[in-house]
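The listed protein sequences correspond, in order, to chains F and Y. If you're matching positions, the first sequence starts at 32 in our numbering and goes up one per residue. If you're matching positions, the second sequence starts at 72 in our numbering and goes up one per residue. The C-beta atom is built at its ideal place from N, Cα and C for all residues, glycine as well. Working notes, beginning with the structure itself.
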Amino acid sequence: NAGVTQTPKFQVLKTGQSMTLQCAQDMNHEYMSWYRQDPGMGLRLIHYSVGAGITDQGEVPNGYNVSRSTTEDFPLRLLSAAPSQTSVYFCASSYRVSNTGELFFGEGSRLTVL
Amino acid sequence: AQSVSQHNHHVILSEAASLELGCNYSYGGTVNLFWYVQYPGQHLQLLLKYFSGDPLVKGIKGFEAEFIKSKFSFNLRKPSVQWSDTAEYFCAVNPYNNNDMRFGAGTRLTVKP
């Protein structure tokens with residue numbers, strides 16, 4: 032049982048480049064989300080999805096796009112990377128976060144934007 | 072907007088000392104409350120949660136937390152810490168029937184052997 036799988040684990044970008052962070056879960060969870068973790072600021076919610084075709088913005092959505100075409104996958108796209116997007120990104124999933132509260136996290140993707 | 076405050080950024084304790092980490096939130100409605108833990112080099116995992124009922128909840132590894140509604144607090148406690156408890160601890164709040172889970176800034180706990 033793989034759980035939540037994120038790729039890549041590490042990435043270095045130049046300012047203005049685009050990239051996609053991949054997230055896949057094999058637990059048939061309805062809810063998926065992306066967080067960024069920055070020192071002293073904890074985890075901040077970027078975007079989330081409660082099912083295929085449904086996405087919503089979190090606390091810090093600017094500069095990021097998401098889509099949810101399948102239950103399993105929830106990619107996070109950076110269209111034009113900026114140094115302020117240097118962070119560790121976590122994907123998380125849950126059956127229904129409002130019912131169970133338990134988020135299952137991936138191992139994280141460390142992104143550096145030069 | 073709701074917020075979650077963890078007042079202790081870094082706590083250093085010796086083994087066998089007692090632990091209390093503070094967590095306060097600003098949301099006024101019914102909330103679900105959680106503590107997550109991130110051990111060095113690992114991803115976050117659930118430590119314990121409160122949905123309703125007994126305000127004192129017990130989690131894994133001897134941790135417990137008390138929900139005090141009047142103080143909007145959900146403090147984490149452990150009577151006697153171990154070196155293996157060295158980790159970062161995050162408080163999280165989820166408004167009832169809402170899919171928005173907000174985390175505090177985290178408290179780094181270092182336990183000296």
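Please specify which runs of the beta strand (DSSP E), each continuous and at least 3 residues long, are wholly inside the stretch 63 to 91 of chain F, giving them in chain order. Taking only runs of at least 3 residues, the beta strand (DSSP E) segments lying wholly in the stretch 63 to 91 of chain F are 73 to 82 and 85 to 88.
Can Lys183(Y) and Glu86(Y) be called in contact, C-beta distance under 8 Å? The residue given as residue 183(Y) occupies position 112 in the second sequence. The residue given as residue 86(Y) occupies position 15 in the second sequence. Yes, the pair counts as a contact, with Cβ atoms nearer than the cut-off.
Between the Cα of Ala88(Y) and the Cα atoms of Thr157(Y), Val164(Y) and Lys129(Y), which residue gives the shortest distance? Position 17 of the second sequence, counted from the first residue, corresponds to residue 88(Y). Taking only the C-alpha atoms, the option nearest Ala88(Y) is Thr157(Y).
On the criterion of 16 or more Cβ atoms from any shown chain inside 10 Å, does Ala33(F) qualify as buried, or is it exposed? As a position in the first sequence, residue 33(F) is number 2, starting the count at 1. Label assigned to Ala33(F): exposed.
Span of the beta strand (DSSP E) around Ala136(Y): As a first step, residue 136(Y) is located in the second sequence; it is residue number 65 there, counting from the start. Note, Ala136(Y): beta strand (DSSP E), Glu135 to Ile139.
Candidates Phe41(F), Val35(F) and Leu52(F): which alpha carbon is nearest Leu110(F)'s? Position 79 of the first sequence, counted from the first residue, corresponds to residue 110(F). Out of Phe41(F), Val35(F) and Leu52(F), Leu52(F) has the C-alpha closest to the C-alpha of Leu110(F).
Whether Met172(Y) touches Leu107(F) by CB criterion (8 Å): As a position in the second sequence, residue 172(Y) is number 101, starting the count at 1. As a position in the first sequence, residue 107(F) is number 76, starting the count at 1. No, the Cβ-Cβ distance between Met172(Y) and Leu107(F) is not below 8 Å.
What does the alpha-carbon distance come out to for the pair Gly71(F) and Gly93(Y)? On the first sequence, residue 71(F) is found 40 positions in, with the first residue counted as 1. On the second sequence, residue 93(Y) is found 22 positions in, with the first residue counted as 1. When rounded, the separation of the alpha-carbon atoms in Gly71(F) and Gly93(Y) is 15 Å.
Cβ contact (3+ pairs, closer than 8 Å) linking the stretch 58 to 76 of chain F and the stretch 92 to 103 of chain F: Yes, since at least three Cβ pairs between the stretch 58 to 76 of chain F and the stretch 92 to 103 of chain F fall closer than 8 Å, the two stretches touch.
Put Ser76(Y) into one of helix, strand or coil per three-state DSSP. Locating residue 76(Y) in the second sequence gives position 5, where the first residue counts as 1. Taken through DSSP and simplified to helix, strand or coil, Ser76(Y) comes out as strand.
If you follow the beta strand (DSSP E) that Ser118(F) is in, where does it begin and where does it stop? Position 87 of the first sequence, counting from 1, holds the residue named residue 118(F). Counting along the chain, Ser118(F) sits inside the beta strand (DSSP E) bounded by residues Ser118 to Ser125.
Given that Gly137(F) touches chain Y, what residues does it touch there, using C-beta distances under 8 Å? For the purposes of this step, residue 137(F) is taken as the residue at position 106 of the first sequence. The answer, in chain order, is His114.
Is there contact here, the stretch 158 to 171 of chain Y with the stretch 96 to 110 of chain Y, by at least three beta-carbon pairs under 8 Å? By the Cβ criterion, the stretch 158 to 171 of chain Y is in contact with the stretch 96 to 110 of chain Y, since at least three pairs of Cβ atoms, one from each stretch, lie closer than 8 Å.
8 Å contact criterion, which Glu61(F) and Val43(F) should meet: CB distance rounded: As a first step, residue 61(F) must be located in the first sequence, where it is residue number 30. As a first step, residue 43(F) must be located in the first sequence, where it is residue number 12. Contact between Glu61(F) and Val43(F) is ruled out by a C-beta separation of about 34 Å, above the 8 Å threshold.
Residues that DSSP places opposite His114(Y) in a beta bridge: Within the second sequence, residue 114(Y) is the residue found at index 43, counting from 1. In the DSSP output, where bridge partners are listed per residue, His114(Y) has none listed.
Would you grab the beta carbon distance between Thr197(F) and Val97(F) for me? Rounded to a whole angstrom, and I think it's under 8 Å. Only positions 32 to 145 of chain F appear in this structure, which leaves residue 197(F) out of reach.
Determine the burial state of Ala55(F): buried for a count of at least 16 other Cβ atoms within 10 Å of its Cβ, exposed for fewer. On the first sequence, residue 55(F) is found 24 positions in, with the first residue counted as 1. Label assigned to Ala55(F): buried.
If you drop the 5 nearest sequence neighbours on each side, which residues of the same chain put their C-beta closer than 6 Å to that of Ala122(Y)? The sequence position of residue 122(Y) within the second sequence is 51, counting from 1. Residue identity check: residue 122(Y) is Phe in the sequence provided, not Ala. Counting only residues of its own chain and dropping the five nearest sequence neighbours on each side, Phe122(Y) has a CB closer than 6 Å to the CB of Asn103.
Would you mind working out which of Gly124(Y), Trp154(Y), Ala176(Y) and Phe138(Y) sits nearest Lys132(Y), comparing C-alpha positions? Position 61 of the second sequence, counted from the start, is the residue given in the question as residue 132(Y). When the alpha-carbon of Lys132(Y) is set against those of Gly124(Y), Trp154(Y), Ala176(Y) and Phe138(Y), the nearest one is in Trp154(Y).
To be precise: take each residue of the stretch 49 to 73 of chain F, compare its Cβ to all Cβ atoms of chain Y, and keep it if any distance is under 8 Å. Which residues remain? Residues Tyr62, Ser64, Tyr66, Gly71, Met72 and Gly73.
Given this structure, state the Cα-to-Cα distance separating Ser100(F) from Phe136(F), to the nearest angstrom. The residue given as residue 100(F) occupies position 69 in the first sequence. The residue given as residue 136(F) occupies position 105 in the first sequence. Going from the Cα of Ser100(F) to the Cα of Phe136(F) covers about 20 Å.
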